[in-house]
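Single-structure report; data block below.
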Amino acid sequence: MNAEMKQVARFSPNRYGLFFSLLLASVSLLAGMFGGLVRVGSVNMAAEFTIGDQSVANHGAFMMAGFFGTLISLERAVALHRGFWVPLSSGVAGVLALLGQWPWASGLWLLSALGLCELYVWAARHRAISLPLLVEASAAVALVWAALSLIQGDPLQARWAWSLFLVLTILGERRELMRLRPLPAWASQAFLWVWGCFALAAALMSAYPLQSAWLMWSLLGIVSIWLLCFDLARLQWRKAGWAGHTAICLLVGYVWLLLAGLAGLFGQGQAGGVAWHLLWLGFVLAMVFGHAPLMLPALLGVRPRHSWAALVPLGVLAASLVLRTFGSLLGDARYLAWAGAGHLLALLTFALTMAWLVRGNSDSRP
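Under my numbering, think of the first position of the sequence shown as 950, with each following residue one higher.
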């Protein structure tokens, strides 16, 4: 698959769709980061700054739908050699949202999510149906749920739907790799039970939000333990090169996922609470830091050389999350402001490190 993705990234006419999708995703990323920094007091903003108001009030939508929705659907489009309109639609929606055109943005995010579902249906018909594919397809359905919740003005359900989109996408990808090492029968059955319980919690969210939220946080904790016990990363973290780097990032991310589940169960799952940031920043960004070096050759046609310096952003992120947790629990705005700056520093350090490692590789072109 990697060879096919590299071929598409370099020679396909869709390379323009790939470029503009990445550009539009970056706009949503910057909007989401800016809004988050303003909310925690790391950046001051004048009240009359209309575009800034959009990013502050809805920074979660920019990060989850505008950035991650675009990025994940782009990866699927590249892998399948089709459907580049899906990430483009998601990216354009982020720009429309930044301009305050929320009805159009929400509708376009819904269209993009439906397009992502269609990509999975196409893959099932023309390639092969598998459990990992079905899990990832259910993540796309969660993205549809998120878009509908956004249209209906239900931020709580939108947050849960975006969370399921990210968690199930990652869970499906990791489950596919576990084919290389057979699982115990009971572990495979446990995976299916947890997946089904996620669907049950989502179905009950409207009628029983408190009970469903409790179930969701519990399942996230259970999933993290399952991944720590059975994911191949536990066997690869000592390996040299990017395989070891990815494994370390994954294991750290699973710990953040476990802490997010525990924090949610202990009353930190309210809007803006610690649990959400442990999930969205700790877990999800650790996945990004781990997989980005492997995806750069596929998406951009460049190969970074390996260096242990690539783990520095992971450490910066961890320090900022610990600071944010203490700031939230103590109600200290200074800690929150410094934590926000630390989140930004982690992302900037990651971007600069990847650029340095690509530039420093004399054979950066695959």
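Glycine is no exception: its CB is placed at the ideal position from the N, C-alpha and C atoms. It should be emphasised that the depicted structure is a prediction, and the values quoted were computed from it without experimental measurement.
{"Item": "8 Å CB neighbourhood of phenylalanine 1179 in its chain, flanking five on each side removed", "Value": "Met1127, Leu1132, Ala1136"}
{"Item": "Cβ neighbours of leucine 1153 in the same chain (closer than 6 Å, five flanking residues each side left out)", "Value": "Ser1161"}
{"Item": "Near the ligand NAP: glutamate 1122 beta-carbon under 7 Å from a heavy atom", "Value": "As far as ligands go, the structure on display features none, and thus does not contain the ligand NAP."}
{"Item": "Option in Ala1139, Leu1227, Ile1197, Val1143 with minimal Cα separation from alanine 1268", "Value": "Leu1227"}
{"Item": "Supposed contact pair leucine 1248 and valine 1027 - C-beta distance, whole angstroms, cut 8 Å", "Value": "6 Å"}
{"Item": "The alpha helix (DSSP H) enclosing alanine 1095, as first and last residue numbers", "Value": "1080-1100"}
{"Item": "Which listed residue (Gly1264, Leu1120, Leu1164, Val1237) has its alpha carbon closest to that of leucine 1294", "Value": "Gly1264"}
{"Item": "Under 8 Å between C-beta atoms of leucine 1115 and tryptophan 1058", "Value": "no"}
{"Item": "Pairwise C-alpha distance: methionine 982 and leucine 1296", "Value": "10 Å"}
{"Item": "Serine 1277 (DSSP reduced to helix, strand or coil)", "Value": "helix"}
{"Item": "Spatial distance of tryptophan 1175 from glycine 1218 (CA atoms)", "Value": "22 Å"}
{"Item": "Neighbourhood of leucine 1243 by C-beta, 7 Å cutoff - its chain only, sequence neighbours within 5 removed", "Value": "Trp1191, Thr1195"}
{"Item": "Coarse secondary structure for leucine 1048, derived from DSSP in three states", "Value": "coil"}
{"Item": "Local conformation of alanine 1220 per DSSP, three classes", "Value": "coil"}
{"Item": "Classification of serine 1022 by the beta-carbon crowding that lies within 10 angstroms, buried from 16 upward", "Value": "buried"}
{"Item": "Span separating the alpha-carbon of phenylalanine 1016 from that of alanine 1042", "Value": "10 Å"}
{"Item": "Assumed close pair glycine 1145, glycine 1170 - CB separation to whole angstroms, cut-off 8 Å", "Value": "Actually they are not in contact, since the Cβ atoms of glycine 1145 and glycine 1170 sit about 17 Å apart, beyond 8 Å."}
{"Item": "Helix, strand or coil at valine 1070 [DSSP, three-state]", "Value": "helix"}
{"Item": "Alanine 1014 versus arginine 1031: straight-line alpha-carbon distance, rounded", "Value": "20 Å"}
{"Item": "Alpha-carbon to alpha-carbon, glycine 1040 and leucine 971", "Value": "8 Å"}
{"Item": "Proximal residues to leucine 1080 (C-beta, below 7 Å), its chain only, five neighbours per side dropped", "Value": "Arg1124"}
{"Item": "Local conformation of histidine 1030 per DSSP, three classes", "Value": "coil"}
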